[in-house]
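Residue numbers (our numbering), protein chains in the order written: chain A, 1 to 240; chain B, 10001 to 11292.
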């Protein structure tokens, strides 16, 4: 090895060492809040949520293309707003709302989950999450989780009950047995809507051929609103 | 001498030899080495030099068997092959054995039956099965060289020679010239056949000449009452001693059990009466003996070391097998004989000693070994001369073990004796480890009931404990059978296990079974448990008592020096340190005869039967364990509810017992009487196999036997032990059948053949549409529940009142009326015409003569539907109907039915019915209604997704209907006091059917008040029926705020606009359906940034001077709300008036800092007259304590607000009560700005009882209440559109 090549090695090692020291210093100062160079894990997660990927967008049927483009532009504006005030749950909600409108359901969920984390008492956000998980993502367990979150916050929220009825009655295999307890819970916690809940119980048991149960709940319907009975009897002759 | 083609035999017969060799080892034939000087009995199969020979039937010669297939063509078994002796080989070679007869072979995809020296191919599978053969009995083989005979292409021709056929319980053997009866199972078995080989006889078989009964096959060994005979067709010869018998190589599992009394008795074998002196086996080859090149190098041996290897000797046989007769080992070198406890010769092929017990040196320092060892021709074996070192040998001695001499049983010996290895130095300072052997943890108690047939039974359990010095390796054990049962004949699958885990298969050699396996390392101080398990295949009354003969039969080595250890034996039944007694024994087990249990079988339940032949009278279950049972007599007892024995004796005939395969095994036999008991005495012989099998009793109920409906028949076995005579097939011993009580089959009830036909309630009178296919026209139940036999329906004649336009009338067997189709019946009929009468009063008949009759199992019912197609040329209003109308019972014309068993016309009970009136319609109708569960008008927050705004109930009549167009309307909700909303308030719409989105799941954007949605055919189908489907319209609501389209207090309604909003097509008619629109416009929703929600509770306190009269919980849903006014209506039971009303915030937690307990408004001294007995109290929440001019309730927070008032009790009765309502608003008039008004713009009792705001513009103290963003209680959740909410009552 010549003397020159040995010197090159030393120079290279010196440069590398200096870069390491510099990097360490920058990291230290960022940790101390003096400077900001490296993104944090939270920032990386935020970046992912705020990602705007046009390939994931689909217009609703009949949507004017200009409106569609306008919504995407609005999404960009909402992103900027979020970046300027990332602790604002409403801004995250709005961002997710627009993504949902553009049919980017996964993207909407990410934004709404962020919004819900910032504002965990906002049951509207949880309701939207439950609906999106059920009707689009088809993740039954997650849908149930968010509907139940809604009911923790507002035990009398009829839309959450409606979502859970769809979930248990139609979509989540093997969970039909939970429909009746759910509706009885709804009747207890949301008494102002007990009539549609009782009607749903009549329909549920009549569809299943359980005439005895259907008739027992039909009696509840009759007690609340006699005028609803004829339609039900016409729809379900087995209850006559 | 003719010699079989050895090369061919090697190729073709290799499998046979392999099997033979395996059986040889396991069957212990090496033990019973042929020793008789006399040739084997005629017909015996003997093995010599890899060739199986058949001693001719007259005993004067021998025939070579040159292929496995030929061996199998005689139904021979390798278990029946014994070693040839010199006398056999001295018999003249008579040439190759001819082919056997009757056996089925598969060659090249064709099944052949070999018979008459030729192979006969079956032309089809149906011919094969039609001849009664079973593919399970076909043997795959090469029949090369067998001439091709005539094909078998008929099921009516007589079976070929060698076939066994059965008729009426008798088995016949077809011969070249006729047929011979098989009088007993033992004779049958002597031909190597099983019952699976028996085919049903046909008429041609039975027309063959009856040549009398067959006798045993020549060469069979027969156990006749304990005496074993070798038989020919006409004679028998006995064996005077057991050793004479075994000397021929026979074992005790070979004989069949039977009677030989009809045979001529010839001279016994071994005529001298002695246990014959065996001739020296013939060694024909040359044995070369030399020191193995890898004989152990000079080294040390340790005191107490077992099987210390000294000299390895190589033995090579050439030119023929060689049998070593004797060995002489000599101790040489500088040592004393006493340094050896004993010496062994170890066969390194098996690592077992060839000598049964260790040898000691005589005074000339030699030890003699007399055990034979066979070295097959062309093979090399190695043996090790090994020493078991004494406990106190001479230290430093250097002994050598040498093979001094040996002798052979014939042949030549090439050796240079002595053959000796290296000297070993005895070391007495090193102590090797120890191992203690004793009975193990799995030892079973002694038993005398080990049934033949028992499997995997632990006969021997032992444990080995490694001493504390070193780990011990265990790789071999030699187990001795000291009982009377044969290891090879009575036991099978002898295996060694460690704690239930398989280790090794045993190799039986005489009374020993050897196990060699990969070394088991037993860590020092630890104990391992082992089991020897075996199956019991025969040996009744014989005993199994397994043991270890001598100390070194358990081969263990210390792992430090790999030095053999002489184990110590301890514990129960152990005797340590001797080679002359058993060092460890397990308990004794006695093999018992098999068992035979009888029980009632529910395979034939209590059911109805009919008069006629082949009626099932009941069933029994026979459970046999251990060995098949040969039944020679059964007495069946019959009881009946008919009066008198003579009646049933005449009425019940030809009673048979049928096995699980449907074969008659006993009978048919008529009922006989004796002592007033009706019995069926069967004397047929049949075999009941091992396991649980069900046997049916069938018989004929004579049509003139006087049977009447509801007569019963019960068959029984009056104590099986008395009613059945049987013996074990293997043991030949009689069996006592169990239980010791009577066993009855289920009672059968005699019924007539009946069928009840009933029109099903489906279809009802209905409308059917043109072009519809597969329309349900009629449905009937065919009920044979009360029939005594299965019913066969051959014809159904449908009475049709029709214009004749419907077509493709098809009967279908279905699971339920209109349900799953089980069978579509044939033929398909055109519709008969009523000659234009066009009335269901006129009739024509459509007769379905069924191609495949319907069979209804007795005790069951079926449903038959009639389906048809509706053509396009039908006219609306035409009426068709289809029914069954004949009420005759004896020969019903509508349904022609017969009893399956009797063939008699069944009695049909039919209620005439013309069928449902089917009215033709041009197309289906789609009805649209608002579903009962459709949501009412309500407040909804902006930004909500998935809001169900309208739920429709869609029903299709006459046919299922596809919706192809929906026109969604979004209009102003029309509610008073609200802003007029429109489609701009809806971001997207979805359609939901049964909880799932339908149509475009990306949603529908609304560009106008009317939005048309198109569907492909089939995308949205409403099934025919009164229930229909529930279709929900779901909306995403826009947001409100800066640059957002939401307009506060907008109301909108979303739904369908009427019949013009929907287009649909019938799936049957394929024409546009008629739409009937009853309702479906939806209910209005009012949109806000946030909304209040009110829940009213009854206070828990009683009424006293100043008490809580009402509690309201007001929540902010969606965002912050402001509350400006609350009003109450108060009425008492006696009209008393209250004073000093006020409202107080009880709790909130999020009301802009207003503390709990704050009075929210000024006290109202006296209420305002509202109605007689009712005052109103109205409170404006704008006090300074609130911080604002209203009560602000944060998003999702709930303010609990109580209403207090004072009253004076002017009564002593304490029966006062007061009812209080929170007042809402009806908005029947709207004095305010519909987009919102100032808070003060509302007046109480004038649509301003409950005033709130979603604060969509301003929530400040200064101007929030003056900004036009306030609303009344119209449709507020909990108040609704009414003035008076639910009243709560407080009593004294």
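Beta carbons: idealized from backbone N, C-alpha and C, even for Gly.
Just so you know, these numbers come straight off a predicted model, no measurement behind them.
For the region 10945-10963 of chain B, the residues whose beta carbon sits under 8 Å from a beta carbon of chain A are, in order, 10945, 10946, 10947, 10948, 10953, 10955. Sequence-distant Cβ neighbours of residue 10660 of chain B in its own chain, meaning closer than 8 Å and more than five residues away, are 10693, 10694, 10695.
The region 11120-11131 of chain B makes contact with the region 11178-11187 of chain B: 3 or more CB pairs, one atom from each, lie closer than 8 Å. Shown here for residue 10211 of chain B: same chain residues with a beta carbon closer than 8 Å to its own, the five before and five after excluded, namely 10175, 10177, 10178, 10179, 10180 in chain order. Spatial neighbours of residue 10485 of chain B in its own chain (CB-CB distance under 7 Å, excluding positions within 5 residues in sequence) are listed in chain order as 10491, 10539, 10542, 10543, 10544, 10591. Under a criterion of Cβ atoms nearer than 8 Å, the residues of chain A adjacent to residue 11195 of chain B are, in order, 121, 122. Residue burial annotation: residue 10407 of chain B is exposed, with fewer than 16 other C-beta atoms found within 10 angstroms of its C-beta. Of all alpha-carbon atoms in A:173, A:16, A:17, A:40, the one lying nearest the alpha-carbon of residue 27 of chain A is that of A:40. Rounded to whole angstroms, the separation of the alpha carbons of residue 10589 of chain B and residue 10449 of chain B is 8 Å. Residue burial is scored here from C-beta neighbours: residue 10877 of chain B has fewer than 16 other C-beta atoms within 10 angstroms and is therefore classed as exposed.
Within the region 10629-10673 of chain B, the complete beta strand (DSSP E) segments of 3 residues or longer fall at 10629-10640, 10652-10658, 10664-10669, listed in chain order.
By the neighbour-count criterion, in which a residue is buried when 16 or more other Cβ atoms sit within 10 angstroms of its Cβ, residue 161 of chain A is buried.
Identification of chain A residues near residue 10932 of chain B by a Cβ-Cβ cut-off of 7 Å yields 199, 228, 231, 232, ordered along the chain.
Counting only the Cα atoms, residue 11193 of chain B lies some 29 Å from residue 110 of chain A.
Minimum Cα-Cα distance from residue 10551 of chain B among the listed residues B:10565, B:10896, B:10558, B:10561 corresponds to B:10565. Residue 10248 of chain B carries a coil assignment under DSSP once its states are collapsed to helix, strand and coil.
The alpha-carbon of residue 10498 of chain B is positioned some 6 Å away from that of residue 10529 of chain B.
In its chain, beyond the 5 residues on either side, 10650, 10651, 10653 have a beta carbon closer than 7 Å to the beta carbon of residue 10702 of chain B. Around residue 10748 of chain B, the same chain offers 10609, 10617, 10713 as residues with beta carbons nearer than 6 Å, after the five sequence neighbours per side are excluded. Under the rule that a run must span 4 or more residues, the alpha helix (DSSP H) segments found entirely inside the region 10103-10142 of chain B read 10125-10130.
Interface residue (Cβ-Cβ distance to chain A less than 8 Å): residue 11026 of chain B is classified as such. If you compare the alpha carbons of B:10863, B:10899, B:10880, B:10911 with that of residue 10886 of chain B, the shortest gap goes to B:10911.
Taken through DSSP and simplified to helix, strand or coil, residue 61 of chain A comes out as strand. Close to chain A, meaning a Cβ-Cβ distance shorter than 8 Å, are the following residues of the region 11088-11106 of chain B: 11093, 11095.
Cβ-Cβ separation between residue 125 of chain A and residue 134 of chain A: approximately 15 Å, too far for a contact (criterion under 8 Å).
Apart from the 5 residues on each side of it in sequence, residue 10900 of chain B sits with its Cβ closer than 8 Å to the Cβ of 10789, 10790, 10791, 10792, 10855 in its chain, given in chain order. Only residues of its own chain outside the window of five on either side were considered, and among them 46 have a CB closer than 7 Å to the CB of residue 86 of chain A, listed in chain order. DSSP lists B:10634 as the beta-bridge partner residues of residue 10682 of chain B. When C-alpha distances from residue 10662 of chain B are compared across B:10752, B:10468, B:10199, the shortest belongs to B:10199.
The continuous beta strand (DSSP E) containing residue 10531 of chain B extends over residues 10527-10536. In the structure shown, residue 10876 of chain B falls within a coil segment according to DSSP collapsed to helix, strand and coil. Interface criterion not met: the Cβ of residue 11255 of chain B is under 8 Å from no Cβ in chain A.
Distance between residue 11279 of chain B and residue 10958 of chain B, taken at the CA atoms: about 44 Å. For secondary structure counted as the beta strand (DSSP E) over 3 or more consecutive residues, the region 10442-10508 of chain B holds these complete runs in sequence order: 10447-10451, 10457-10466, 10472-10481, 10491-10498, 10501-10505. Between the region 10985-10993 of chain B and the region 11058-11078 of chain B there are fewer than three inter-stretch CB-CB distances shorter than 8 Å, so the stretches are not counted as touching. Neighbourhood of residue 192 of chain A in chain B, by CB distance below 7 Å: 11277, 11278, in chain order.
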